[in-house]
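A.B. asks:
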Amino acid sequence: MPGFLERIAGKLKSYREPGYYTKLDHKWTMVIDLDKCNGCEACVVACYAENNLPVVGKEQCEKSRAFSWLRIERYVEGEYPDVKVKFIPVMCQHCMKAPCETGCPVYATYHNQDGLNVQVYNRCVGTFTCATYCTYDVRRFNWFTYKWPKPLEAQLNPDVSVREMGVMEKCTFCIQRIRSAKDTAKDEARPVKDGDIKPACSQSCPTGAIYFGDMQDPESVVAKLAKSPRRYRLLEELNADPSVIYLKRVMGDGTSSHE
Amino acid sequence: MKRRDFLKFIGIGGVGAGAGFVLGKVSKPPGAKLIPYLIPPEDIVPGVATWYASVCTLCGAGCGTLVRVMEGRAKKVEGNPGHPVNRGGLCALGQSSVQALYNPDRITKPLKRKGPRGSGEYAEITWDEALKTLAGNLTELKSKNESEKLHLLASPLGGTIDRLAGEFVSAFGSSNYSHYGLFQRKNLAFANLSAMGTASVPHYDIENTKYLLSFGADFASTWVSPVNYSNGYGKMRQGAGERGKLVQVEPRLSLTGASADEWVPAKPGTEALLALAIANTIVEKGLARDASAWRGVLSRYKAKDAASVCDVSVERIEAMAVEFARTRPSLAIAGDSVSSYENGVSGAIAVNILNQVAGNIGIIGGVMPNGDDLGNGKKIDFGRKISTLISAANAGKIKTLIVYGANPVFTTPKAARLEEALSKVPFIASFSSFMDETTAHADIILPAHTSLEDWGDDFPDPGVAAPVASLIQPVVGPVFDTKSLGDIFIELAKAVGGNVAGKINAPNFAEYLKASWKGLYSRNREMAAGTLGFEDFWNKALQRGGWWGPSRKRTATVSARAGEHLAGTPARFEGEEAQYPFYLIPYAQTAYMDGRGANLPWLQELPDPMTSVVWGTWVEINPKTAASLGLKEGDMVNIESPFGKISAPVYLYPGIRPDTVAVPIGQGHSHYGRYAKGRGANPIEILPFKEDPLSGEAALNSTRVRITRGATGERMVKMEGSTKELGRGIVQTVSPSEFKRMKKEVV
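Below, the structure written as structure tokens:
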């Protein structure tokens, strides 16, 4: 009996160590080509539609409580007439060494076997710790239970739960689409193919700037793009090992802004 | 099961045509009728999604969509990957069409006016009463021999519904059917008519061009066919070939301008002269490919003269000319900064000439003219302007006005005095699904379905240099007590009787549409390929979202006759510079477009891509100008033109000329539902009433304004903190020369 308890204790302990996962089933990765992105925000609305994100209204927006799991950041350099504008879509980076995961007192956020940083709504007690630890400011908190005026609620996606007050949430890489693609593949007794899964943002993108796939499949589009000399990751020096890879924008004066 | 399998399933089962009706039965409001799930309809399996192919109608681009439906409810609208217009993408506005369908502020039943006009006070009536009232009014008109006094004003409809509406009006004995809307791009169509013989917007092959010179074409947000062009843009930047370059000429840096390699902030109103000066420089330097017809005309537009007028240096004009002519293929597109002036046609023609001189017409990566591929004979009547309607109303020539889709009370300036003209129309009926500002003037409202509940078809204009016919099918049953727009016309025709009923004798619009496609099928032999007769073709078209054929290569020459319409002078702005020091640029914003998106909560909460402002209007002012006026961000100011005054908070915007201010169009609604009403300001109100005399397109960039303090109003809320990266290397870049040396990834 003591041996069994020790095994469990040992297992639990290993979960607290970064890198406990020795082998992942998949490593879902997103590649975003900043040279294609033109900042149109179609992805943002697609995310609202797919993931049942509530509309909070002007007053709540002013308190930075808007729900967008995905936002387009826009940076401006220079003065008229030499103005340079740059866009970057930022969502949960699904860090492999995620700061948010170590902080949660109730294990509501953890790393799953697909390499995803997932949030278990039923466990979340709303301590806000993860949002404080997050490097990328992508976690959103339900300050209220939001309502959809009738009949707007008819649009809600039944594959995604509607969250209530006190729960933290964030981009899931459209885990419901990943699940459904895996189920289909299982039914057809085959592995998930590259291109089977498109998160809502990637599906809607008019310029085709957002790619998604399994990094463990060397033939996948993302694995090939990840080798691009334009590759970089957001705030890489913080060593959170994000799963979102950006491809640098090709731009005028050419000084890389971070050397 | 995958989406594609579902589509096959629907097509083969032959239920595609009836799917909407099947769904209609189960998705009626609770209590209407319950269908036991013991023997469920074949396309309703709880928890399993069905996808229907349709077309987005929120703007005129005609993007193909796939709508995800579960248990009879539309869940998500996505781009149809097989559709040649959008190839899988869909913009923010299109994604939001489910919120138009399930909008809490839709008109749920036919209404009859209770309060005074414009008050929006109505009483609910039955469809029978509504149709009888309108038909009674029309019969009376007919009996008095005043058929000509019926006017139908619609948004730029296309396809079969447009034909039905036209047939209804002409069978009734009236010739007054007009289309109105902002951003109809009639200037482009007119310029192409006079230059190339077809009144349509050509296909701009952005995908394959290597040098894109855009005169204020904001195709990343709303210009003409945004998803199609954005798709091309992505491939131009990082496609198979060499990376293409984008140069944007406009006084205010638009969303598209933000992605440009070079921004040329020419003085407002002079961009057409800049285009001609570039063309002339190409000719003078001997780089022209085909300038025989234009040498004489162009010689008047010297780069050195244009430089001072346009506020662009001679060196820059020459550099642009050389690069434009030498880079193959190159492409110039006439966006709002040449075509939104009172002589917008002239600007669009100037850009046509530039393309002609550089040899860009009819080539891959250039301008690819579109023709009437499927023999629809679609014509734009340039003579039918909103000004003709207003003067007809004032002269008592309109007894009954039917409005659908168009919202001229919101989209025409106060100076047009449209509301006064409407007060002289004895009877106004609206078929709108929403209480917009024009519908609020109606005496009777017969609410039509939204496009997710209705049948229809679409022939995209601009086309994609290939024949395309798309089908709109109902994906869910009616949410409220509304009717198909086509059915309203058909039932009205029956109620009016006589030759109107004789002319339009289809049992319903679905049948009318099918008959119309039968004609299309028999006229176009290509459509028959690979089908077993019309029924098979119809089911396949419903399954795919329509029919499209292979690309057709056409060429055209900009004829010298087009030169007649060249203005040769900068566009005029109302207001003296001393009193009104700033040019006003009202622009179409990504989410609201011409105001139609303002009632959709997702779009209100969508941060504006350039300013991050939500839920309101703002005025963009250059930081230096603001400093000289003593203004800081968020200050409320009055924006005053010779025609009126609005107020908005200041946003400090470095991407705008110091002598220019810009205000987004779309807010400032007095009706239009809880999300839009009483929010922000409408810059169209303070414009002069000007339209291009040739095309009838509204001239939005046509007044100067002054900025004064002392206004009150709503606070500005923006989502961003700093606009600076503060050395954190968030968006990293490589230079074009560095990029050329890089090994290209192959995917």
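Same order as they appear, the protein sequences are chains G and Z.
The numbering of the first sequence is the working numbering, which starts it at 52 and goes up by one.
The numbering of the second sequence is the working numbering, which starts it at 20 and goes up by one.
The beta carbon of each residue, even a glycine, is placed where N, CA and C say it ideally should be.
1. Just confirm the distance between the C-beta atoms of R698 (chain Z) and H690 (chain Z), as a whole number of angstroms; I'd bet it's less than 8 Å.
2. Taking Y223 (chain Z) as the reference, give the member of Z:K572, Z:P626, Z:Y672 and Z:M738 with the closest Cα.
3. Buried or exposed, going by whether 16 or more other CB atoms sit within 10 Å of the CB of R92 (chain Z)?
4. Are V107 (chain G) and A97 (chain G) closer than 8 Å when you measure CB to CB?
5. Quick check on N208 (chain G): does DSSP put it in helix, strand or coil?
6. Let me see if you follow: with CB-CB separation under 8 Å, is A93 (chain G) close to chain Z or not?
7. Between Y463 (chain Z) and D476 (chain Z), is the Cβ-Cβ spacing less than 8 Å?
8. For a quick check, are the C-beta atoms of A277 (chain Z) and M629 (chain Z) less than 8 Å apart?
9. Going by beta-carbon coordinates alone, are I604 (chain Z) and P103 (chain Z) separated by less than 8 Å?
10. Which of helix, strand or coil does DSSP assign to F446 (chain Z)?
11. So what's S233 (chain Z) in DSSP terms, helix, strand or just coil?
12. Could you list which residues in chain A have their beta carbon closer than 8 Å to that of A617 (chain Z), in chain order?
13. Pick helix, strand or coil for Y141 (chain Z), following the three-state DSSP scheme.
14. For M655 (chain Z), write down the residues that DSSP places opposite it in a beta bridge.
15. Tell me which residues share the same chain as E92 (chain G) and place their Cβ nearer than 6 Å to its Cβ, disregarding the 5 neighbours each side in the sequence.
16. Any residues in the region 73–89 of chain G with a beta carbon nearer than 7 Å to a beta carbon of chain Z? Which ones, in chain order?
17. Kindly say whether F28 (chain Z), judged by its beta-carbon, lies nearer than 8 Å to any beta-carbon of chain G.
18. Flag G653 (chain Z) as yes if its beta-carbon sits less than 8 Å from any beta-carbon of chain G, otherwise no.
19. To the nearest angstrom, how far is the alpha carbon of L104 (chain G) from that of W199 (chain G)?
20. Give the interface partners of F758 (chain Z) over in chain G, defined as CB-CB distance under 7 Å, in chain order.
21. I want to see whether chain Z comes within less than 8 Å of G154 (chain G), judged by CB atoms only; does it?
22. In chain G, which residues lie less than 9 Å from N701 (chain Z) when you measure between Cβ atoms?
23. What number of angstroms, rounded off, separates the C-alpha of Y297 (chain G) from the C-alpha of F758 (chain Z)?
24. May I have a chain-ordered list of the beta strand (DSSP E) segments no shorter than 3 residues that lie completely inside the region 569–619 of chain Z?
25. Three-state secondary structure (DSSP) at D355 (chain Z)?
26. So what does DSSP say about N102 (chain G), is it helix, strand or coil?
27. So which residues on chain G does V104 (chain Z) lean against when the C-beta distance must stay under 7 Å?
28. So what does DSSP say about K321 (chain Z), is it helix, strand or coil?
29. CA-CA distance, Q751 (chain Z) and Y283 (chain G)?
30. Go ahead and pull the three-state DSSP assignment for I399 (chain Z).
31. Nearest CA to the CA of S349 (chain Z): which residue from Z:R615, Z:V386, Z:E438 and Z:T609?
32. With distance defined between alpha-carbon atoms, name the residue in G:M219, G:P202 and G:V211 nearest to F195 (chain G).
33. Please confirm if G674 (chain Z) has its CB atom under 8 Å from at least one CB of chain G.
34. With distance defined between alpha-carbon atoms, name the residue in Z:A488, Z:D124 and Z:L373 nearest to W567 (chain Z).
35. Is the Cβ-Cβ distance between Y360 (chain Z) and S174 (chain Z) less than 8 Å?
36. My guess is that A512 (chain Z) and F187 (chain Z) are in contact by the Cβ rule of under 8 Å, so how many angstroms apart are they, rounded?
C.D. replies: So, to answer that:
1. Position 679 of the second sequence, counted from the first residue, corresponds to residue 698 (chain Z). Position 671 of the second sequence, counted from the first residue, corresponds to residue 690 (chain Z). With a Cβ gap of about 12 Å, R698 (chain Z) and H690 (chain Z) do not count as contacting.
2. Mapped onto the second sequence, residue 223 (chain Z) falls at position 204. For the residues Z:K572, Z:P626, Z:Y672 and Z:M738, the minimum Cα distance to Y223 (chain Z) belongs to Z:K572.
3. Along the second sequence, read from residue 1 onward, the residue named residue 92 (chain Z) stands at position 73. Buried is the call here.
4. The residue given as residue 107 (chain G) occupies position 56 in the first sequence. The residue given as residue 97 (chain G) occupies position 46 in the first sequence. Cβ distance not < 8 Å, so V107 (chain G) and A97 (chain G) don't count as in contact.
5. Here the question's residue 208 (chain G) lines up with position 157 in the first sequence. Coil.
6. Here residue 93 (chain G) is taken as the residue at index 42 of the first sequence, counted from 1. Cβ-Cβ to chain Z under 8 Å: yes for A93 (chain G).
7. Locating residue 463 (chain Z) in the second sequence gives position 444, where the first residue counts as 1. Locating residue 476 (chain Z) in the second sequence gives position 457, where the first residue counts as 1. For the sequence presented, residue 463 (chain Z) should be read as Ile rather than Tyr. Taking 8 Å as the Cβ cut-off, I463 (chain Z) and D476 (chain Z) do not qualify as a contacting pair.
8. What you label residue 277 (chain Z) is simply residue 258 of the second sequence in a count that begins at 1. What you label residue 629 (chain Z) is simply residue 610 of the second sequence in a count that begins at 1. Against a cut-off of 8 Å, the Cβ pair of M629 (chain Z) and A277 (chain Z) comes out as a contact.
9. What you label residue 604 (chain Z) is simply residue 585 of the second sequence in a count that begins at 1. What you label residue 103 (chain Z) is simply residue 84 of the second sequence in a count that begins at 1. Not in contact: I604 (chain Z) and P103 (chain Z) (Cβ atoms no closer than 8 Å).
10. By 1-based counting over the second sequence, the position of residue 446 (chain Z) is 427. Of the three classes helix, strand and coil, the one that applies to F446 (chain Z) here is strand, per DSSP.
11. Locating residue 233 (chain Z) in the second sequence gives position 214, where the first residue counts as 1. DSSP places S233 (chain Z) in strand when its eight states are reduced to three.
12. Looking at the structure shown, chain A is missing, and the protein chains on hand are G and Z.
13. Locating residue 141 (chain Z) in the second sequence gives position 122, counting from the first residue. Residue state, collapsed to three classes: strand.
14. As a position in the second sequence, residue 655 (chain Z) is number 636, starting the count at 1. In the DSSP assignment, the residues bridged to M655 (chain Z) are Z:P668.
15. What you label residue 92 (chain G) is simply residue 41 of the first sequence in a count that begins at 1. The residues are I123.
16. D84, L85, D86, K87 and N89
17. Counted from its first residue, the second sequence places residue 28 (chain Z) at position 9. For F28 (chain Z), the predicted structure reports a pLDDT of 43, less than 50, and the residue's modelled location is therefore unreliable. A value from the coordinates is still provided. Output row for F28 (chain Z): interface = no.
18. Counted from its first residue, the second sequence places residue 653 (chain Z) at position 634. Taking Cβ atoms only, chain G never reaches closer than 8 Å to G653 (chain Z), which makes this a no.
19. Numbered from its first residue, the first sequence carries residue 104 (chain G) at position 53. Numbered from its first residue, the first sequence carries residue 199 (chain G) at position 148. Between L104 (chain G) and W199 (chain G), the C-alpha separation is close to 10 Å.
20. Mapped onto the second sequence, residue 758 (chain Z) falls at position 739. In chain order: V301.
21. On the first sequence, position 103 is the one that residue 154 (chain G) refers to. Cβ-Cβ to chain Z under 8 Å: no for G154 (chain G).
22. In the second sequence, residue 701 (chain Z) corresponds to position 682, counting from 1. Residues of chain G passing the Cβ test: none, with the nearest at roughly 18 Å.
23. Counted from its first residue, the first sequence places residue 297 (chain G) at position 246. Counted from its first residue, the second sequence places residue 758 (chain Z) at position 739. Those two C-alpha atoms are separated by around 15 Å.
24. 601–607
25. Numbered from its first residue, the second sequence carries residue 355 (chain Z) at position 336. Residue state, collapsed to three classes: helix.
26. Taking the first sequence and counting its residues from 1, the one referred to as residue 102 (chain G) is at position 51. In this structure, N102 (chain G) counts as helix in the three-state DSSP scheme.
27. Here residue 104 (chain Z) corresponds to residue number 85 of the second sequence, with the count starting at 1. Residues of chain G passing the Cβ test: none, with the nearest at roughly 11 Å.
28. Here the question's residue 321 (chain Z) lines up with position 302 in the second sequence. Residue state, collapsed to three classes: coil.
29. The residue labelled residue 751 (chain Z) in the question sits at position 732 within the second sequence. The residue labelled residue 283 (chain G) in the question sits at position 232 within the first sequence. Rounded to whole angstroms, the gap between the alpha carbons of Q751 (chain Z) and Y283 (chain G) is 8 Å.
30. Position 380 of the second sequence, counted from the start, is the residue given in the question as residue 399 (chain Z). Reduced to three states, the DSSP call for I399 (chain Z) is coil.
31. On the second sequence, residue 349 (chain Z) is found 330 positions in, with the first residue counted as 1. Looking at the Cα atoms, Z:V386 is the closest of the given residues.
32. By 1-based counting over the first sequence, the position of residue 195 (chain G) is 144. The shortest C-alpha separation from F195 (chain G) is found at G:M219.
33. Counting from 1 along the second sequence, the entry for residue 674 (chain Z) is found at position 655. Closer than 8 Å to some Cβ of chain G, the Cβ of G674 (chain Z) qualifies, so yes.
34. In the second sequence, counting from the first residue as 1, residue 567 (chain Z) sits at position 548. Proximity to W567 (chain Z) across Z:A488, Z:D124 and Z:L373 peaks at Z:A488, based on C-alpha coordinates.
35. Here residue 360 (chain Z) refers to the residue found at position 341 of the second sequence. Here residue 174 (chain Z) refers to the residue found at position 155 of the second sequence. Judged by beta-carbon spacing, S174 (chain Z) lies beyond the 8 Å limit of Y360 (chain Z), meaning their Cβ atoms are not closer than that value.
36. Looking up residue 512 (chain Z) in the second sequence gives position 493. Looking up residue 187 (chain Z) in the second sequence gives position 168. A512 (chain Z) to F187 (chain Z), Cβ: 6 Å. Contact.
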